[in-house]
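S.K.: If you read the sequence shown in the working numbering, its first letter stands for residue 5, the second for the next number, and so on.
Here it is, the structure, as structure tokens.
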Amino acid sequence: MARRTYQPRRECLTILPTNTKWNTYRIVIILLVLALDFNGSVVVRAKLLAAVILPHGDFAYDPTLLPTSHPGRPIADRLASTSRAVGHWLVQKNVAPDVLFFSTPHGIALSNDFALYLGSMASGTARIGKDLRNASFIPYNVRIANVTLAPTMVADLIHYLRVLRQQNVSGVSTSPDDADDVPLHWAEVIPLSFLDSNKKGSVVGREQSALRKSHRRRRLPTGAGKTRQHLIWSHPLQRYNAAPAMVPELLHVGCLLRTWLEQRPETFAVVVSADLSHTHRQDGPYGYSNTSIAFDAALVEWASGNPCRNQAALLERARHLQAGAKSCGYTGLVLLHGILCSSNENWESQSPHNSQLWESKVWANGNATYFGMMAVSIAKNFEDISSP
């Protein structure tokens, strides 16, 4: 099927014009989400609770892949500890959403359409150690199983985006009768392992690592008596060569996603699996580019404070540097920006739908080897994540 030509629609722009017409629409939207609490007072309940950005590089999962003498080891240690702290904060400690909307750049990808995973369950394995690019090292497996998907919710979302809003979104099925799990790979398995989730993480291989032993022994907690569901969103293959050109579409689709989830009865959080520039070192697979440091700095600036205020760092500076930086996570971050920043509330508004109330913190960032990574939490009424 031919890809529809993207055309922005006036009903959902990331930055809405501040005129009387749009102010009227905004008031109507807010009124639609009003609800009465038990005391009869009017409250507005936001369905989007928080978002996190998590790395999927091997060294963020297991920093002991690098010797203690390696200059990137302190960065890897910090990323490993903070990624787990951010994951725990999201799903157990503070937020605990009903549904995780999970964006992956290395999933089951279609050529041009965004893909949503169809099926009831997902599972998969990540090979840890491949990023060492060391023939003498034998990688080991990390497996995650029993990831609960949401087929009915996915069908509703596809209908909304593709049929009602004419977006380039399709479902992808890997089992015709839903008998087999949808396969997950490293860009899903590693961030999901940080989420302190409902599953038992199993690790096999080099048993001398204390980190791996601790993961093999532990059984992850089950949460507050409920099964968390996952919507897994895969970015199309065209992102490899056309990510900057996709920015308007990503912002618009992100805005539509926010509109859809705010109409659902469940609470949501967004997880973006993303690594940063892949061109920090000449001996890396993509070589060196002098855009790498500036690109990562732009993303850190965007993710520090309020991302909606810092949009120029993501949508202008990083966009122009993406071709040289070769970040796998850029399209996911732009989609997240569209989700977070699709409201046009005044800065002073205390509505929980106000995009200007987001607070973001970068807990760790840096390049342990040839690619950059960062761990970020984004929420309203921000509560500090204790230092790991």
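Built from N, CA and C at the ideal position, the CB exists for glycine as well.
Since this is a predicted model, take the numbers as computed values, not measurements.
#1: Leu235 to Val90, Cα distance in whole Å?
#2: To the nearest angstrom, report how far apart Met378 and Leu280 are at their CA atoms.
#3: Short of 6 Å in beta carbon distance, which residues of its chain neighbour Arg82, apart from the five on each side in sequence? Order them along the chain.
#4: Whose C-beta lies closer than 6 Å to the C-beta of Ala64 among residues of the same chain, with five residues either side of it excluded?
#5: For the beta strand (DSSP E) that contains Ser238, what are its first and last residues?
#6: So what does Val103 bridge to, in DSSP terms?
#7: Which residue spans inside the region 290-334 form an unbroken beta strand (DSSP E) run of at least 3?
#8: Does the structure place the region 237-257 close enough to the region 107-114 that three or more beta carbon pairs sit under 8 Å?
#9: In angstroms with no decimal places, state the Cα-to-Cα distance between Gly374 and Leu168.
#10: If we ignore side chains and look at the alpha-carbon of each, how far apart do Thr68 and Trp264 end up?
#11: Distance, Cα to Cα, Val151 vs Tyr164?
#12: What does the alpha-carbon distance come out to for the pair Gly291 and Gly328?
#13: Would you call the region 128-148 in contact with the region 189-199, where contact means no fewer than 3 C-beta pairs closer than 8 Å?
#14: Would you tell me roughly how many angstroms separate the C-alpha atoms of Leu339 and Ser346, rounded to the nearest one?
#15: Thinking C-beta only, is Thr295 closer than 8 Å to Leu325?
#16: What number of angstroms, rounded off, separates the C-alpha of Ser381 from the C-alpha of Leu344?
#17: In three-state terms, what does DSSP make of Ile142?
#18: If you count every other CB in all the chains shown that lies within 10 Å of the CB of Asn172, and 16 or more means buried, which is it?
#19: CB-CB under 7 Å to Ser293, same chain, minus the five flanking residues each way: which ones, in chain order?
#20: Residue range of the beta strand (DSSP E) that Gly175 falls in?
#21: Out of Ser124, Val158 and Leu136, which has the shortest C-alpha to C-alpha gap to Asp181?
#22: Just the Cα atoms here: how many angstroms apart are Ala316 and Arg323?
#23: Can you say whether Ile132 is buried or exposed, counting buried as having 16 or more other CB atoms within 10 angstroms of its CB?
#24: Rounded to the nearest angstrom, what separates Cys259 and His341 at their Cα positions?
#25: Candidates Gly336, Thr271, Gly333 and Ser331: which alpha carbon is nearest Leu53's?
#26: Pull up the CB-CB distance for Leu94 and Val56, whole angstroms please, since I reckon it's below 8 Å.
#27: For Tyr121, does the three-state DSSP call read helix, strand or coil?
#28: With DSSP as the reference, identify every bridge partner of Thr86, one or two as the case may be.
#29: Buried or exposed: which applies to Ser73, given that a residue is buried once 16 or more other Cβ atoms fall within 10 Å of its Cβ?
#30: How about Asn314 and Glu305: do their beta carbons lie closer than 8 Å?
#31: What residues match up with Glu363 in a beta bridge as DSSP calls it?
#32: Pick out whichever of Thr335, Arg232 and Ala383 has its Cα sitting closest to the Cα of Asn245.
#33: On the three-state DSSP scale, how would you describe Gly258?
#34: Mark Phe118 as exposed unless 16 or more other C-beta atoms lie within 10 angstroms of its C-beta, in which case mark it buried.
#35: How long is the line joining the alpha carbons of Ile162 and Ser277, rounded to whole angstroms?
#36: Who does Met377 pair with in a DSSP beta bridge?
M.R.: Based on what the coordinates show:
#1: Residue numbering aside, residue 235 sits at position 231 when the sequence shown is read from its first letter. Residue numbering aside, residue 90 sits at position 86 when the sequence shown is read from its first letter. Cα-Cα distance, rounded: 19 Å.
#2: For the purposes of this step, residue 378 is taken as residue 374 along the sequence shown, with counting starting at 1. For the purposes of this step, residue 280 is taken as residue 276 along the sequence shown, with counting starting at 1. Straight-line Cα distance between these residues: approximately 8 Å.
#3: For the purposes of this step, residue 82 is identified with residue 78 of the sequence shown, where counting begins at 1. Taken in chain order, the residues that qualify are Ala368.
#4: Walking along the sequence shown from the start, residue 64 turns up at place 60. Correct list, in chain order: Leu83, Ala84, Ser87 and Met377.
#5: Here residue 238 corresponds to residue number 234 of the sequence shown, with the count starting at 1. It spans Gln233 to Ser238 - the beta strand (DSSP E) in which Ser238 sits, taken as one unbroken run.
#6: Here residue 103 is taken as the residue at index 99 of the sequence shown, counted from 1. Its beta-bridge partners are Gln233 and Phe272.
#7: none
#8: yes
#9: The sequence position of residue 374 within the sequence shown is 370, counting from 1. The sequence position of residue 168 within the sequence shown is 164, counting from 1. Residue identity check: residue 374 is Tyr in the sequence provided, not Gly. One C-alpha to the other measures close to 42 Å.
#10: As a working note, residue 68 is residue 64 in the sequence shown. As a working note, residue 264 is residue 260 in the sequence shown. Taking the straight line joining both Cα atoms gives about 42 Å.
#11: Residue mapping note: residue 151 aligns to position 147 of the sequence shown, counting from 1. Residue mapping note: residue 164 aligns to position 160 of the sequence shown, counting from 1. Near 24 Å, if we compare the C-alpha coordinates of Tyr164 and Val151.
#12: Counting from one through the sequence shown, the residue named residue 291 turns up at place 287. Counting from one through the sequence shown, the residue named residue 328 turns up at place 324. So the two alpha carbons sit approximately 10 Å from each other.
#13: yes
#14: Indexing the sequence shown from 1 puts residue 339 at position 335. Indexing the sequence shown from 1 puts residue 346 at position 342. Those two C-alpha atoms are separated by around 11 Å.
#15: Taking the first residue of the sequence shown as position 1, residue 325 is located at position 321. Taking the first residue of the sequence shown as position 1, residue 295 is located at position 291. Taking 8 Å as the Cβ cut-off, Leu325 and Thr295 qualify as a contacting pair.
#16: Taking the first residue of the sequence shown as 1, we reach residue 381 at position 377. Taking the first residue of the sequence shown as 1, we reach residue 344 at position 340. So the two alpha carbons sit approximately 13 Å from each other.
#17: What you label residue 142 is simply residue 138 of the sequence shown in a count that begins at 1. Coil.
#18: Taking the sequence shown and counting its residues from 1, the one referred to as residue 172 is at position 168. So Asn172 counts as buried.
#19: Taking the sequence shown and counting its residues from 1, one reaches residue 293 at position 289. Same-chain partners within the cutoff: Thr283, Gly328 and Ala329.
#20: Translated into positions along the sequence shown, residue 175 becomes position 171. Segment Val173 to Val176, the beta strand (DSSP E) holding Gly175.
#21: By one-based count along the sequence shown, residue 181 stands at place 177. Minimum Cα distance to Asp181 is reached at Ser124.
#22: Here the question's residue 316 lines up with position 312 in the sequence shown. Here the question's residue 323 lines up with position 319 in the sequence shown. Taking the straight line from one Cα to the other gives about 9 Å.
#23: Within the sequence shown, the letter at position 128 stands for residue 132. Classification for Ile132: buried.
#24: Taking the first residue of the sequence shown as 1, we reach residue 259 at position 255. Taking the first residue of the sequence shown as 1, we reach residue 341 at position 337. Looking at the two C-alpha atoms, the distance is approximately 9 Å.
#25: Counting from 1 along the sequence shown, the entry for residue 53 is found at position 49. Among Gly336, Thr271, Gly333 and Ser331, the Cα nearest to that of Leu53 belongs to Thr271.
#26: Taking the sequence shown and counting its residues from 1, the one referred to as residue 94 is at position 90. Taking the sequence shown and counting its residues from 1, the one referred to as residue 56 is at position 52. Their Cβ separation, rounded to whole angstroms, is 5 Å, which keeps Leu94 and Val56 in contact under 8 Å.
#27: To locate residue 121, count along the sequence shown from 1; it is residue 117. It is a strand residue.
#28: Against the sequence shown, residue 86 aligns to sequence position 82. In the DSSP output, where bridge partners are listed per residue, Thr86 has none listed.
#29: Within the sequence shown, residue 73 is the residue found at index 69, counting from 1. Burial call: exposed.
#30: One-based indexing of the sequence shown puts residue 314 at position 310. One-based indexing of the sequence shown puts residue 305 at position 301. Yes, Cβ-Cβ distance for Asn314 and Glu305 is below 8 Å.
#31: Position 359 of the sequence shown holds residue 363. Ala383.
#32: The residue given as residue 245 occupies position 241 in the sequence shown. The residue with the shortest Cα to Cα distance from Asn245 is Thr335.
#33: Position 254 of the sequence shown, counted from the start, is the residue given in the question as residue 258. Helix at Gly258.
#34: In the sequence shown, the residue the question calls residue 118 occupies position 114. Phe118 is buried by the Cβ-count criterion.
#35: Taking the first residue of the sequence shown as position 1, residue 162 is located at position 158. Taking the first residue of the sequence shown as position 1, residue 277 is located at position 273. Computed Cα separation, rounded: 21 Å.
#36: Here residue 377 refers to the residue found at position 373 of the sequence shown. Met377 is bridged to Gly370.
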